[in-house]
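There are 2 protein chains.
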Amino acid sequence: MFEAAELGRKVPKEEYEKAVPELRAELLEAQFRLRNTKTPVIIVIGGVEGAGKGETVNRLSEWLDPRGLETHAFGPPSEEERDRPPYWRFWRTLPARGRIGIFFGSWYTDPIVKRVFGKLTASELDQELARIAFFEQMLVDDGALILKFWFHLAKDAQRKRLSKLEKDKATSWRVTPRDWKFFKMYDKFARVSERAIRRTDAGDAPWILVEAGDSRYRELLVGRALLEALRQRIENGQGKPAASPAARPVTMPPAAAEAAVSILDRVDLSQALSDDEYDKRLAKAQERLGRLSREAHDEKVSSVVVFEGWDAAGKGGNIRRVTAAMDARHYQVIPIAAPTDEERAHHYLWRFWRHIPRAGLVTIFDRSWYGRVLVERVEGFAREDEWRRAFLEINDFEQQLVDHGVVVTKFWIHIGGEEQLARFKEREGTAYKRHKITDEDWRNREKWDPYVAAINDMVARTSSTQAPWVIVAGNDKRFARVQVVETLVKRLQKAL
Amino acid sequence: MFEAAELGRKVPKEEYEKAVPELRAELLEAQFRLRNTKTPVIIVIGGVEGAGKGETVNRLSEWLDPRGLETHAFGPPSEEERDRPPYWRFWRTLPARGRIGIFFGSWYTDPIVKRVFGKLTASELDQELARIAFFEQMLVDDGALILKFWFHLAKDAQRKRLSKLEKDKATSWRVTPRDWKFFKMYDKFARVSERAIRRTDAGDAPWILVEAGDSRYRELLVGRALLEALRQRIENGQGKPAASPAARPVTMPPAAAEAAVSILDRVDLSQALSDDEYDKRLAKAQERLGRLSREAHDEKVSSVVVFEGWDAAGKGGNIRRVTAAMDARHYQVIPIAAPTDEERAHHYLWRFWRHIPRAGLVTIFDRSWYGRVLVERVEGFAREDEWRRAFLEINDFEQQLVDHGVVVTKFWIHIGGEEQLARFKEREGTAYKRHKITDEDWRNREKWDPYVAAINDMVARTSSTQAPWVIVAGNDKRFARVQVVETLVKRLQKAL
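For the protein sequence lines, the chains are X and E, in the order given. Under my numbering, the very last position in the first sequence is 499; numbers go up by exactly one each time. Under my numbering, the very last position in the second sequence is 499; numbers go up by exactly one each time.
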């Protein structure tokens, strides 16, 4: 998940300075018009220390009209607060309709910290997360607009940031021993936070992952996300809770042009293997995969492997390199095309549940449930509330697989636009490949940018340590195949 | 909760035989028209052994067209099923759109049984219940109609029923050693089931509590509830999921006239105390309450006491008898009238959260959050989806109090209609009492029957061992006051 917030996004100073005056004016206007909608706005700020949460909150306060705004920070509970149930402190600070409340620290802080320091069991954490989900749902049902920002810094960036703050006399007071104590637990924090985000990323109270390295980028992102959400609400709903789901979701804002970096842009597509190296490494990896898959079979460890990717990215070829290594009795390849009548008559996840492998077996999905948040989203086959809800549904589905011990691995086979064009043309020019290229492929190609946005969102919301997305550099087919087979070897080694 | 299903409701044979042909015809027609709505219907059957679940399912199968119906019973999982995540068996049996699936045993069975036999911790149970709530919500979002019936028998009735089945040669095979083993855990089962029901009683996947002692009553109840729900769906929604909440909820069906017994009908309103007895018992109870409330203060055990009741039932007089026993620094009485502007600008629960007592103190609410499911429901001040959702919200709210160690007790002061009339007239005739009677009181009186239905529903859905509703027999004021004070004594004794 966090890999989608480690892309080095930045906004140049001139662009920032050009953008801010307009953004401020628009925010003020939206804030003013918000009153008529009787919507309470709840902004949750979470994330790692040193990621500029405080600065961003200060900036927002500067941009907005302070008369309609309240900021609440939560330290250790006061005696007053300890005397009551934990949520009392949050209830008493909820903003009234028409007002904006910024929660700097929130109902997420305590469960995450307690879990990291072992004061909650895994199932107690999940219980707390379920309570949070219920609480937010209740507020949304009552008409609240909830925006949740998670500020992320890579481990190294956090260390540098804390050291820098500490060295500067003007800011050294801001770094406490607690910050370093927490930093030592960085990996644990990342795992627990990831789980918390994954299980509370509801369609109508979504998390927005903020890459926090650059102050100008994060401020513009947060400001624009807020503006976008306010505008949607003003357009759609006056007064009463939005009964229509279309009125609810929050759209990710367009970032500044220079910051519009997606996770795919960080893939080095020039990576390639020579014939020799390819033969050697593929053979070795396949031999290992064969051995491990037999072992997994004996030990009843199942696998689910998902292949998604651009048209002509070479999913088929990759899948064949995987299956070639395995005993044919041990795997099944499920190609996902348009649903059958029977499948259409059920929930969209039903057709995938059908193919969950028995203990020790492998199911390879050639396209998958991610169609909901890719093609169905981009083409409008699913309503916005449907695909937004799907992230939480998919995470829950995969969680059930993982809880049952299934090894889940998801590949996105990436190729560049030019490479795709070349392959399309080659297919059209080759008699026996011509059937592989259709008008639809050409149409999809025109939607490259919306697909990139959808893919980036998908990885941010559904990649996890337990069910990771692996972005495969596919311009060189040999490189891709070796990367796929070697990744599966690693995943099985870890599980066995 | 279960007290609402121990009222001895029955349907006479003639009435049953008169009702069935029409009900069957209507069910068949509704089932036929259901197809066009593309709605999958999921009927969950749960409850105690020997409560006639099987017979009722058989009857439903007889009444409905078998071509659009499927029944699934779940025993111990097969090897096939054990090889996959636990929900796989449910996913594979979900009905297609336009079809009805009866789940005889369901996703509830395993968590409840495991918790009763100590194989799940309390928080693991809650985790499972949260998963269930998510699963059902996902199906509802996809357009499913979910009806959940809980078949209840009082402990004694269950014993008799099992013995009777066992003695009869024709049915003795139906009683297994497992049934008796479960029977021994009756109280534990009741507690765990109550929790499961309370935490999954969503507005759009509600539980319907079935008093199971009389086969004719339970069959008509289930049949009519199903008919009502199908009709609502056919009227409101074609095809796509009901985005409008109004399309979702299921109304409790009117039961046969002779079976229309509410929990209030079982209150013996003739109970009374002589002056002497009243003085003695009240003084003794007040003395104890005084002592216990001081002890609670010292030990930091808080209480929340709710008073609801008919107009002129004497809430004020009861509250005064309680407060008279306590140190004025230890309690606060919060009269709930129309919300202030500030309160109206928040979630309806906000005004109650404000008054949660500090550790060791008592808050007495003269009317309460139950207004949402009483006056707001009956008068239409809250939309149907709002008050239906409120049961789950209220249960969660009280759960947080209970989890924090707060002693929660809820009184409904009951009086008969004639007694109310007499009191109204007396008030009108007495100068200093005249301000206590308004046109609104007279108007409310005309809605007696809808109020009775709302009260019965409220008790069924929100009374629990940890936060019980106590129905007070209020025709005799002396009897009521003693009942109230003595109940609070018992509640505190238990908590300290």
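Backbone N, C-alpha and C define an ideal beta-carbon position, used for all residues, glycine too.
- Rounded to whole angstroms, Ile474/X and Trp313/X show a C-alpha spacing of 12 Å.
- Assigned with DSSP and collapsed to three states, Pro342/X falls in coil, not helix or strand.
- For a Cβ distance threshold of 9 Å, residue set Ala133, Ala136, Leu395, Glu396, Asp399 of chain E lies close to Phe137/X, ordered along the chain.
- Residues of the segment 89-100 of chain E whose Cβ lies closer than 7 Å to any Cβ of chain X, in chain order: Tyr90, Trp91, Trp94, Arg95, Leu97, Ala99, Arg100.
- The C-beta of Leu142/X comes closer than 8 Å to at least one C-beta of chain E.
- Ala362/X belongs to the set of residues whose beta carbon lies under 8 Å from a beta carbon in chain E.
- Cβ neighbours of Gly374/X within its own chain (closer than 8 Å, five residues either side excluded): Ile339.
- Any Cβ of chain E closer than 8 Å to the Cβ of Gln130/X would place that residue at the interface, and such an atom is present.
- In terms of beta-carbon proximity, Ala348/E lines the interface with chain X, with at least one pair separated by less than 8 Å.
- Residues of the segment 452-485 of chain E with a C-beta less than 8 Å from any C-beta of chain X: none at all.
- Taking the CA atoms as reference points, Trp94/X sits about 19 Å from Val365/E.
- When beta bridges are read from the DSSP output, Trp210/E appears opposite Lys151/E.
- Assigned with DSSP and collapsed to three states, His350/E falls in coil, not helix or strand.
- Its chain contains Met4, Glu197, Arg201 as the residues whose beta carbon lies nearer than 7 Å to that of Ser467/X, once the 5 sequence neighbours on both sides are disregarded; these appear in chain order.
- For Phe400/E, the enclosing alpha helix (DSSP H) begins and ends at 387-406.
- Taking 8 Å as the threshold, the shortest C-beta distance from His300/X to chain E does not fall below it.
- A residue is called buried when at least 16 other Cβ atoms come within 10 angstroms of its Cβ; Ala125/X does not meet this threshold and is exposed.
- Rounded to the nearest whole angstrom, the C-alpha separation of Val492/E and Val485/E is 11 Å.
- Excluding sequence positions up to five before and after Glu84/X, its CB lies within less than 7 Å of the CB of Trp91, Arg92, all in the same chain and listed in chain order.
- Taking all protein chains shown into account, His350/E has 16 or more neighbouring C-beta atoms within 10 Å of its C-beta and is therefore buried.
- Selection Gly432/X, Thr174/X, Tyr435/X, Lys428/X evaluated against Trp445/X yields Lys428/X as nearest (Cα-Cα).
- Under the Cβ distance rule, Asp279/E does not count among the residues neighbouring chain X, no pair being separated by less than 8 Å.
- Closer than 8 Å to the CB of Arg375/E there is not a single CB belonging to chain X.
- Burial state of Tyr111/X is buried, judged by a 10 Å Cβ sphere holding 16 or more other Cβ atoms.
- At a cut-off of 8 Å between C-beta atoms, Ser109/X does not count as an interface residue with respect to chain E.
- If you draw a 10 Å sphere on the C-beta of Leu499/E, you find fewer than 16 other C-beta atoms in it, and that means exposed.
- In the DSSP assignment, Thr174/E falls outside any beta strand (DSSP E), carrying neither H nor E.
- Contacts with chain X at 8 Å (Cβ-Cβ) include Arg87/E.
- Collapsing the DSSP output to three states places Asp369/X in a strand.
- Distance from the CA atom of Phe154/E to the CA atom of Val60/E, rounded to whole angstroms, is 12 Å.
- Between the alpha carbons of Pro43/X and Val23/E lies a gap of roughly 51 Å.
- The beta carbon of Asp145/E falls within 8 Å of a beta carbon belonging to chain X, placing the residue at that interface.
- Under a 10 Å Cβ-count criterion, Lys122/E is classified as exposed, with fewer than 16 other Cβ atoms of the shown protein chains found around its own Cβ.
- Taking the Cα positions, Ala232/E is about 21 Å away from Phe137/E.
- Interface annotation, Asp204/X: not in contact with chain E, CB-CB separation never under 8 Å.
- For Ala476/E, the three-state secondary structure derived from DSSP is strand.
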